[in-house]
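**Q** What follows is a structure written as structure tokens; I'll ask about it next.
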Amino acid sequence: DVYAAGDVANHLHPLFGRVRVEHFNNAEKQGRAAARSILGSTAPYDYIHTFWSDQYEHKLEYAGHAAKWDQFVVRGSLEERKLIGFYLLDGQLRAAVGLDRGGDPELDEDMEMAACARLIGQRARASPSSLADENVDLWSLVD
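Under this note's numbering, the first residue of the sequence shown carries the number 29, and numbering increases by one thereafter.
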């Protein structure tokens, strides 16, 4: 058997198809998944990819994988540069991008982007109006 892991290795994701994610946290998780496979696990590598990046005075956060989408919904304000954009495909949330809406989606587990990652993993079909509405707590949409 041959195993490959890291930020240059692609993998077959059960939700997104074949993807390659060039980020260090994916490389770390792929290494653990490869080790589990070597030890006999048949569980798929189904991690909902997340990352964050500081860009000058702004923080960019991302969860999921949006190779294709047919609807884009915005929560927040473009003018204030504080928003979340939701990528939907056939009504299903596939990815979310945040600008100054929190921190690392993995370390800040109570933040909105962590809720987005959970919704993506659940293959959620939240209504666009709920996603756009600042008064709707994203965690209330999680099963």
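Ideal Cβ positions, reconstructed from N, Cα and C, are used throughout, including at glycine.
1. Determine the direct distance from the alpha carbon of residue 92 to that of residue 32, and round the result to whole angstroms.
2. Does the beta-carbon distance from residue 50 to residue 104 come in below 8 Å?
3. To test your reading of the DSSP string, which unbroken alpha helix (DSSP H) runs of 4 or more residues are found completely within the stretch 68 to 134?
4. Below 8 Å on the Cβ atoms is my guess for residue 137 versus residue 166; work out the distance and round it to an integer in Å.
5. Between the C-alpha atoms of residue 106 and residue 158, what's the straight-line distance to the nearest angstrom?
6. Kindly indicate the opening and closing residues of the alpha helix (DSSP H) around residue 149.
7. Mapping DSSP to helix, strand and coil, what is residue 43?
8. For residue 39, is the classification buried or exposed, using 16 other Cβ atoms within 10 angstroms of its Cβ as the cut-off for buried?
9. Between the C-alpha atoms of residue 44 and residue 87, what's the straight-line distance to the nearest angstrom?
10. For a test of the three-state rule: what should DSSP assign to residue 59, helix, strand or coil?
11. With a threshold of 16 other CB atoms inside 10 Å of the CB of residue 122, please say whether the residue is buried or exposed.
12. Taking Cβ to Cβ, would you say residue 76 is nearer than 8 Å to residue 145?
13. Excluding five sequence neighbours on each side, which residues of the same chain lie with their C-beta closer than 6 Å to the C-beta of residue 101?
**A** Taking the coordinates as given:
1. Translated into the one-based positions of the sequence shown, residue 32 becomes position 4. Translated into the one-based positions of the sequence shown, residue 92 becomes position 64. Going by the C-alpha atoms only, they are around 21 Å apart.
2. Here residue 50 corresponds to residue number 22 of the sequence shown, with the count starting at 1. Here residue 104 corresponds to residue number 76 of the sequence shown, with the count starting at 1. Taking 8 Å as the cut-off, the beta carbon of residue 50 is found no closer than this to the beta carbon of residue 104.
3. Annotation: the stretch 68 to 134 contains no complete segment of the alpha helix (DSSP H) (minimum length 4 residues).
4. Your numbering for residue 137 matches position 109 in the sequence shown. Your numbering for residue 166 matches position 138 in the sequence shown. Not quite, the Cβ-Cβ distance comes to about 13 Å (not below 8 Å), so this is no contact.
5. The residue given as residue 106 occupies position 78 in the sequence shown. The residue given as residue 158 occupies position 130 in the sequence shown. About 18 Å.
6. What you label residue 149 is simply residue 121 of the sequence shown in a count that begins at 1. 140 to 149 is the extent of the alpha helix (DSSP H) around residue 149.
7. Residue numbering aside, residue 43 sits at position 15 when the sequence shown is read from its first letter. DSSP places residue 43 outside both helix and strand once states are collapsed to three, so it counts as coil.
8. For this step, residue 39 is matched to residue 11 along the sequence shown. Buried, by the Cβ-count rule.
9. Position 16 of the sequence shown holds residue 44. Position 59 of the sequence shown holds residue 87. Taken atom to atom, the span from the alpha-carbon of residue 44 to that of residue 87 is near 25 Å.
10. Residue numbering aside, residue 59 sits at position 31 when the sequence shown is read from its first letter. If DSSP states are grouped into helix, strand and coil, residue 59 belongs with the helices.
11. Against the sequence shown, residue 122 aligns to sequence position 94. Under this definition residue 122 is a buried residue.
12. What you label residue 76 is simply residue 48 of the sequence shown in a count that begins at 1. What you label residue 145 is simply residue 117 of the sequence shown in a count that begins at 1. Yes, Cβ-Cβ distance for residue 76 and residue 145 is below 8 Å.
13. As a first step, residue 101 is located in the sequence shown; it is residue number 73 there, counting from the start. Excluding residues within five positions, the ones whose Cβ falls inside 6 Å are 114, 156, 159, 160.
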